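The sequence shown begins at 63 in this note's numbering and counts up by one.
Ideal Cβ positions, reconstructed from N, Cα and C, are used throughout, including at glycine.
A quick note: this is a predicted structure, and the numbers were derived from the prediction, not measured.
Report on one structure; see the data block that follows.
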Amino acid sequence: MTGKTRVLGIFGDPVTHSLSPAMQNAALRQAGIDAIYVPFHVTPEQLPRAVEGMRALRIWGVNVTIPHKEAICPLLDEVDADAALIGAVNTVVLRDGRLVGCNTDGDGLVASLQTDLQFDPRGRRILLLGAGGTSRSVAVALARAGAERITIANRTRSRARQLAADFTTVLPGTSFATIGLEGSELAVAVAECDLVVNSTSIGLQGEAFAGFPWQCLSAETRCYDIVYRRGGTPWLLRAERQGCRCADGLGMLAAQGELAFRIWTGQSPPSGVMKCRLLAEVATS
63 MTGKTRVLGI
73 FGDPVTHSLS
83 PAMQNAALRQ
93 AGIDAIYVPF
103 HVTPEQLPRA
113 VEGMRALRIW
123 GVNVTIPHKE
133 AICPLLDEVD
143 ADAALIGAVN
153 TVVLRDGRLV
163 GCNTDGDGLV
173 ASLQTDLQFD
183 PRGRRILLLG
193 AGGTSRSVAV
203 ALARAGAERI
213 TIANRTRSRA
223 RQLAADFTTV
233 LPGTSFATIG
243 LEGSELAVAV
253 AECDLVVNST
263 SIGLQGEAFA
273 GFPWQCLSAE
283 TRCYDIVYRR
293 GGTPWLLRAE
303 RQGCRCADGL
313 GMLAAQGELA
323 FRIWTGQSPP
333 SGVMKCRLLA
343 EVATS
């Protein structure tokens, strides 16, 4: 490090578990960029001061993770169109003294679908499990990628309806439907879809997805879990036993990190470096 070394990082609470420093620093080294990526433990009450600290310290950019993705939006000078539509930011860059927010989560998923499952959303029917903040970014990106229909299944039906209502008029190329997270409606949606995306946190701690209609899942259906867990989540492992092609959120994490790297540096990271570093980190965890 020298006086010219630029600083990147991640704001989160907690943040010690994050794999982003490992993959971003590996990419920075491979690209020969004089910068370092560090974790910043920022509590909710400290977020406004942390954002102002970015400007004062001329921090090049940060990723934003739980619980700050929504709360940071009004603290920035500018939020790009898709991040505003999603209502959440996961990447901030300092440009000419202005803090600009973006969201690379959904596009990271689409990139991972293409790389890890050879799946193109264009003209396809997709079942999205969950209606939280990540679900919003996933829905926007899949619609932008040309999905014909997105069915949002959520335990709290009203939240799914709100998400669909927010996007129906602004993303007219895709039809949106909402159902509950159990029962006959879910069984029909599973049977009819080309891709199931689990955007809930179910499985993160190794718990099973109770009530999922496995008997309706075709071996032709792709399954993607945004959760990543060493050895696989119970939901993905069960989908694999059904004969489905599956992928977890590690590819999404790498792809969204690559997009953030481009936003900050103006160049693409070395191919495959982030994914390889993540796989190495998970293997030793």
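Query, Result
"Bridge partners - Ala97, DSSP secondary structure assignment", "Arg68"
"Secondary structure of Phe102, DSSP reduced to three states", "strand"
"For Thr240, three-class secondary structure by DSSP", "strand"
"Bridge partner(s) assigned by DSSP for Val252", "Val252 pairs with nothing; no bridge assigned."
"Tyr290 and Leu179 closer than 8 Å at C-beta", "no"
"Cβ-Cβ separation, Gly319 to Met85 (assumed contact under 8 Å), whole Å", "6 Å"
"Chain-order list of residues whose beta-carbon lies under 6 Å from that of Arg307 (same chain, five-residue window excluded)", "Leu179, Arg284"
"Reference Ser330, options Thr78, Thr64, Ala93, closest by Cα", "Ala93"
"Limits of the alpha helix (DSSP H) - the one that Gly115 falls within", "109 to 119"
"C-alpha distance - Ile128 paired with Gly185, whole-angstrom precision", "32 Å"
"Assigned secondary structure, Glu343 (DSSP; H/G/I helix, E/B strand, else coil)", "helix"
"Where Ile188 sits in the DSSP three-state scheme", "strand"
"Proximal residues to Thr262 (C-beta, below 6 Å), its chain only, five neighbours per side dropped", "Leu191, Gly192"
"Buried/exposed call for Val232, threshold 16 Cβ in 10 Å", "exposed"
"Same chain, Cβ closer than 8 Å to Glu140, neighbours up to 5 away in sequence not counted", "Arg160, Leu161, Val162, Gly163"
"Inter-residue spacing [alpha-carbon to alpha-carbon] between Gln108 and Arg120", "18 Å"
"Whole-angstrom distance between Gly194 and Arg221, CA atom to CA atom", "8 Å"
"Short Cβ contact (8 Å threshold) for Thr177 with Ala205", "no"
"Bridge partners - Phe73, DSSP secondary structure assignment", "Phe102, Val126"
"The stretch 104 to 118 in contact with the stretch 143 to 150 per 3-pair CB rule at 8 Å", "no"
"Exposed unless 16 or more other CB atoms sit within 10 angstroms - verdict on Asp310", "buried"
"Cβ distance (whole Å) where Leu321 is taken to contact Thr166 below 8 Å", "4 Å"
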